[in-house]
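full-length UniProt numbering puts the first residue of the sequence shown at 1, with every later residue one more than the last.
All C-beta atoms, glycine included, are put in the ideal place defined by N, C-alpha and C.
Computed from a predicted structure; not experimentally measured.
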Amino acid sequence: MEEKKILLSHGSGGKLSFNLIKKLFLPNFNNPYLERLDDGAVLNIEGLKLAYTTDSYTVDPLFFKGGNIGELAVYGTVNDLAMCGATPLYLSCSFIIEEGFSLSLLEKIVLSMREASVVARVDIVTGDTKVVNRGAADKIFINTSGVGMVKEGVNISGSNAKVGDVVIINGPIGSHEIAVLSEREGFKFETDIKSDTAPLSSLVADMLRVNKGIHTLRDPTRGGLSTTLNEIALSSNVDIEINEDDIPIQEEVKAACEILGYDPLYLANEGKLVDSVYSLGNCP
């Protein structure tokens with residue numbers, strides 16, 4: 001019998017990723033925090049609600065229109081904390097670097113992380129560095145973990161969607177993955193498509209200030225909007241119906257998808273949130 005092996009699609013955020021989590025990781029690491037499968041865990045510690053999350057970042061190329069791996073590593077983890085309804089406070093940062101990697105490129109990445117942490121109002125307070133043999137890693141991998149504070153009364157989870165909620169997204173989808181792909185493959189489009197890489201914590205803070213009735217927040221990264229909505233529907237045991245014509249997509253991204261054969265609903269985003277289900281009927 002042939003041994004089953006890990007495929008690239010196990011890390012794409014789709015069905016194989018979901019099955020790997022459900023069949024391997026959840027049964028072995030199972031606890032009430034993990035089984036919610038949110039973007040982070042919200043921990044109750046002596047009366048304080050702390051959000052904790054971690055993510056690893058690999059991208060080719062390392063620099064692309066609108067962003068780079070350093071910004072992704074800061075903003076991605078900041079955004080995961082924000083999706084828990086938390087105010088991001090502190091990050092850790094670990095580097096796995098391939099022997100022979102350019103020191104000047106590493107400095108550019110670190111400087112971009114410093115600038116991103118200032119923009120996102122977080123401090124990088126601890127870290128680790130490992131160097132591996134040539135070929136044992138693809139240039140550089142970065143892991144960041146983050147801690148944030150959740151205010152009293154905030155209860156946001158991918159399992160909180162309610163019947164009658166509406167789905168809201170904060171802008172056009174798909175530009176990040178097209179920007180990275182076009183840079184990597186050398187595609188030339190009439191208009192430059194830039195990644196939407198950005199921190200979402202300030203936006204979430206404003207949303208929570210004006211509305212305490214938000215049920216679910218997610219950032220549609222790997223697997224895109226469609227995968228994110230499917231995850232919410234499964235976790236909340238609801239059906240989610242969307243009108244595809246209402247989904248904002250830049251014309252340049254639509255054109256690129258038609259040429260390349262991609263569905264924009266499945267493209268990764270790095271600066272979008274799905275206020276995935278916010279109940280008009282339950283507005284305070």
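Limits of the unbroken alpha helix (DSSP H) element including residue i
{"i": "residue 252", "result": "251-260"}
{"i": "residue 297", "result": "It is not possible to answer for residue 297, since the shown part of the chain is limited to 1 through 284."}
Paired residues, beta bridge with residue i - DSSP
{"i": "residue 50", "result": "43 and 149"}
{"i": "residue 94", "result": "128 and 143"}
{"i": "residue 123", "result": "90"}
Status (buried if at least 16 other CB within 10 Å, exposed otherwise) for residue i
{"i": "residue 44", "result": "exposed"}
{"i": "residue 284", "result": "For residue 284, the predicted model reports a pLDDT of 47, less than 50, meaning its position is unreliable; a value from the coordinates is still stated below. Exposed: under 16 other Cβ atoms inside 10 Å."}
{"i": "residue 173", "result": "buried"}
{"i": "residue 23", "result": "exposed"}
{"i": "residue 178", "result": "buried"}
{"i": "residue 253", "result": "buried"}
{"i": "residue 268", "result": "buried"}
{"i": "residue 7", "result": "exposed"}
{"i": "residue 271", "result": "buried"}
{"i": "residue 47", "result": "exposed"}
{"i": "residue 104", "result": "exposed"}
{"i": "residue 102", "result": "exposed"}
{"i": "residue 136", "result": "exposed"}
{"i": "residue 231", "result": "buried"}
{"i": "residue 300", "result": "Residue 300 is absent from the structure shown; the chain starts at 1 and stops at 284."}
{"i": "residue 168", "result": "exposed"}
{"i": "residue 242", "result": "exposed"}
{"i": "residue 29", "result": "exposed"}
{"i": "residue 185", "result": "exposed"}
{"i": "residue 71", "result": "buried"}
{"i": "residue 183", "result": "buried"}
{"i": "residue 9", "result": "exposed"}
{"i": "residue 166", "result": "exposed"}
{"i": "residue 275", "result": "buried"}
{"i": "residue 88", "result": "buried"}
{"i": "residue 126", "result": "exposed"}
{"i": "residue 216", "result": "buried"}
{"i": "residue 245", "result": "exposed"}
{"i": "residue 118", "result": "exposed"}
{"i": "residue 111", "result": "exposed"}
{"i": "residue 199", "result": "buried"}
Cβ-Cβ separation, residue j to residue i (assumed contact under 8 Å), whole Å
{"i": "residue 57", "j": "residue 76", "result": "6 Å"}
{"i": "residue 86", "j": "residue 149", "result": "6 Å"}
{"i": "residue 53", "j": "residue 146", "result": "5 Å"}
{"i": "residue 224", "j": "residue 37", "result": "The Cβ separation is near 17 Å, so there is no contact."}
{"i": "residue 120", "j": "residue 78", "result": "5 Å"}
{"i": "residue 68", "j": "residue 109", "result": "7 Å"}
{"i": "residue 248", "j": "residue 171", "result": "6 Å"}
{"i": "residue 236", "j": "residue 155", "result": "Going by Cβ atoms, the distance from residue 236 to residue 155 rounds to 13 Å, so no, they are not a contact pair."}
{"i": "residue 219", "j": "residue 273", "result": "5 Å"}
{"i": "residue 64", "j": "residue 195", "result": "6 Å"}
{"i": "residue 82", "j": "residue 204", "result": "4 Å"}
{"i": "residue 141", "j": "residue 96", "result": "4 Å"}
{"i": "residue 229", "j": "residue 214", "result": "With a Cβ gap of about 16 Å, residue 229 and residue 214 do not count as contacting."}
{"i": "residue 116", "j": "residue 59", "result": "Actually they are not in contact, since the Cβ atoms of residue 116 and residue 59 sit about 14 Å apart, beyond 8 Å."}
{"i": "residue 5", "j": "residue 62", "result": "With a Cβ gap of about 27 Å, residue 5 and residue 62 do not count as contacting."}
{"i": "residue 132", "j": "residue 99", "result": "7 Å"}
{"i": "residue 14", "j": "residue 197", "result": "Rounded, the Cβ-Cβ distance is 22 Å, inconsistent with contact."}
{"i": "residue 193", "j": "residue 256", "result": "7 Å"}
{"i": "residue 94", "j": "residue 222", "result": "Not a contact, Cβ separation roughly 20 Å."}
{"i": "residue 39", "j": "residue 84", "result": "6 Å"}
Interface flag, residue i vs chain D, CB-CB below 8 Å
{"i": "residue 186", "result": "This model lacks chain D altogether; it includes just one protein chain."}
| query | Counting only runs that start and end within the UniProt domain "PurM-like C-terminal" (162-274), where is the beta strand (DSSP E) found for 3 or more residues in a row? | reply | Listed in chain order, the beta strand (DSSP E) elements of length 3 or more contained wholly in the UniProt domain "PurM-like C-terminal" (162-274) are 166-169 and 214-218.
| message | Restricting to runs no shorter than 3 residues, where is the beta strand (DSSP E) found entirely within the stretch 1-81? | response | List check, beta strand (DSSP E) in window: 41-45 and 48-57.
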